[in-house]
Structure formats: C-alpha cells, structure tokens
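Quick notes on the structure that follows.
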Amino acid sequence: MTLFLIILFIVGYTLITLEHSININKTATALITGVVCWTVYALMDAQPESVGHHLVQHLANTAEILFFLLGL
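Residue numbers (the numbering used here): -13 to 58.
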C-alpha cells in the first residue's frame, strides 16, 4: 500500500510540474492528488477507525498553519 501511495504522489507531483503543458491549474492537481491518496489510504487500511483519526490530525495541522498565515 505504501508503495502505491508513493507512486500516486509522484504522479501527482509530476502533473504539477507539467502545469503549462497539460493546462491544468497546480491547485486543482494538488487537491485531486490529495483526495486520491487519502481515498486509497482509507480503502486499503485494515483499521477504518485509525483512518478517521489520521485524517482529523492532518486536517487540524493544516488548519493551524492556514489560520496562522491568515493572521499575518
């Protein structure tokens, strides 16, 4: 599973670097890559309750950074 997630991330990162060639916004590509990675992680994990905990933890960390940057 980890290898598959790494491959998905690399494909998404490559698409971000090819923004001008494929005419897709970097933000859209990054969001789609994130959603696909979290979906694969949730569907392939043996313990579904741990997925929710990890997702909440990562969303909280991201929200903390965004709120800090909005205050600047």
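Even for Gly, the Cβ is constructed at its ideal location relative to N, Cα and C.
query, result
"Whole-number beta carbon distance between T15 and I2, since they are thought to touch under 8 Å", "5 Å"
"Distance, V21 Cα to N11 Cα", "16 Å"
"Whole-angstrom distance between L29 and T19, CA atom to CA atom", "15 Å"
"Among L55, W24, H6, the one whose alpha carbon lies nearest that of H44", "W24"
"H6 to T0 span [Cα, whole Å]", "12 Å"
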